[in-house]
Ligand SMILES: Cc1ncc(COP(=O)(O)O)c(C=O)c1O
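Numbering (the working numbering), first residue to last: 158 to 555.
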């Protein structure tokens, strides 16, 4: 089947598909969970009454407490967003020179925070099944300037934390996990955000759990949390003392209030996404050339994303053709993560950014597609997406 650059191919078959499958309203890759407006309005009234808008207000304090209990961790520091939290995590561990080993298959923030801390990113290839940094590739990248490892729990699937920690211990490296996708994920009944030296969450509106914008650092010790809290508030340890070059990373009361309400509905949201994930898996399992992930034994997943891999040879259509065609049906998927961070012009000249160093990541980035997934998505829509995937494949065989 031939596709054009603009619009779908004009065949009777395609017209028939458009008539049967085109959705009346656009379906986006995600939609935020909105708390009941009247509850948020109540909180706004309190903010108006108290006139405390930011700087560790009452909603901030309550959110930090409840989040720690929910995540089953001791030390949470809230942030205005996940990117500033990552930036501060590096500063908190005094990693501000040399090299850090990381994955190219991630959101730009993971790599950019290294650059902003004057650290050279060293890209390591990924595992073809979980899409996370492959521990087998780490050791050969360690050199005299290596300071730390920053893996990402991509799409919420836990990294191989034991293998990574063993390497870090052997070479005396710090490990900071970018856990932006891993809200509430547990591994062997332990929160995944307890792994490594620090973990960083994002509560951006596109995430499973949101405080509009927001993020958090999960510390291991009270001393670590204290340093993080000073650094996110310009370095102030009291009104007259600045312990170091801090930044403004504070979460405000409007975000904290929203986040508190999101906590009330997160379990329901995950349960809905889990049900929809099952529908996707059943609907796509038999479609040749569409690779799907399975649950990992021992892991409590959060079902934040539904990624598929499109094998063009077997499926009969490339990921890009499929992505474009789906738009005609009002289905808006996302190529998370394409391009790789190693392909951005600012990093492409690094020796570790070469395609030869990253064969798995180079393949996955061309094949990956994240399909719509959010709690209020209709099961019938998921079935329609699966039906279309099968129809497209059948069409390419004609
Ligand atoms: C893997 C990853 N790291 C970091 C971030 C940055 O988080 P934020 O948008 O909260 O700054 C995101 C998403 O936005 C992400 O997906």
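Note that the Cβ used here is the ideal one computed from N, Cα and C, for glycine as well.
Bear in mind the structure is a predicted one, so any value in this text is a computation, not a measurement.
Work out the CA separation of residue j and residue i for me, nearest whole Å.
i, j, result
"residue 457", "residue 349", "10 Å"
"residue 189", "residue 533", "9 Å"
"residue 354", "residue 550", "46 Å"
"residue 382", "residue 228", "16 Å"
"residue 479", "residue 204", "47 Å"
"residue 337", "residue 243", "10 Å"
"residue 273", "residue 290", "22 Å"
"residue 241", "residue 477", "32 Å"
"residue 162", "residue 485", "Model confidence at residue 162 stands at a pLDDT of 47, short of 50, so the residue's coordinates are unreliable and nothing is read from them."
"residue 430", "residue 414", "24 Å"
"residue 405", "residue 238", "11 Å"
"residue 224", "residue 513", "42 Å"
"residue 438", "residue 545", "14 Å"
"residue 530", "residue 461", "7 Å"
"residue 217", "residue 397", "23 Å"
"residue 368", "residue 231", "20 Å"
"residue 270", "residue 303", "16 Å"
"residue 434", "residue 330", "37 Å"
"residue 326", "residue 305", "11 Å"
"residue 310", "residue 222", "24 Å"
"residue 292", "residue 192", "40 Å"
Using DSSP's beta-bridge definition, name the partner residues of residue i.
i, result
"residue 548", "Answer is none; residue 548 lacks a bridge partner."
"residue 395", "398"
"residue 335", "309, 357"
"residue 343", "348, 457"
"residue 542", "Paired residues: none, contrary to the question."
"residue 303", "256"
"residue 448", "466"
State buried or exposed for residue i, treating a residue as buried only when at least 16 other CB atoms are found within 10 Å of its CB.
i, result
"residue 376", "buried"
"residue 511", "exposed"
"residue 251", "exposed"
"residue 313", "buried"
"residue 384", "buried"
"residue 557", "Here the chain comprises residues numbered 158 to 555, so residue 557 is not present and cannot be evaluated."
"residue 186", "buried"
"residue 202", "exposed"
"residue 451", "exposed"
"residue 267", "buried"
"residue 159", "Bear in mind that the predicted position of residue 159 carries a pLDDT of just 46, short of 50, making it unreliable; the figure below should be weighed with that in mind. Classification for residue 159: exposed."
"residue 410", "buried"
"residue 172", "exposed"
"residue 335", "buried"
Quick one: does the C-beta of residue i sit closer than 8 Å to a heavy atom of ligand 2?
i, result
"residue 365", "As presented, the structure is devoid of ligand 2, carrying ligand 1 as its sole ligands."
Quick check: is any heavy atom of ligand 1 less than 8 Å from the C-beta of residue i?
i, result
"residue 361", "yes"
"residue 264", "yes"
"residue 405", "no"
"residue 355", "no"
"residue 338", "yes"
"residue 313", "no"
"residue 341", "no"
"residue 293", "no"
"residue 257", "no"
"residue 409", "no"
"residue 309", "yes"
"residue 306", "no"
"residue 243", "yes"
"residue 426", "no"
Review point. Does the pairing of the segment 516 to 527 with the segment 261 to 280 give three or more beta-carbon distances under 8 Å?
Key: The segment 516 to 527 is in contact with the segment 261 to 280.
Exercise for review: Inspect the CB distances between the segment 333 to 350 and the segment 449 to 456 and report whether three or more fall short of 8 Å.
Suggested key: yes
Review point. Any chance the segment 194 to 204 sits against the segment 487 to 506, with 3 or more Cβ pairs inside 8 Å?
Key: no
Check your understanding: Counting Cβ pairs, one atom from each stretch, are 3 or more of them under 8 Å apart for the segment 436 to 452 and the segment 466 to 480?
Key -> yes
Check your understanding: Okay, do the segment 293 to 301 and the segment 267 to 284 touch, 3+ Cβ pairs below 8 Å being the bar?
Key -> Yes, the segment 293 to 301 touches the segment 267 to 284.
Review point. Just checking, does the segment 365 to 379 make contact with the segment 394 to 402 on the three C-beta pairs under 8 Å criterion?
Key: No, the segment 365 to 379 does not touch the segment 394 to 402.
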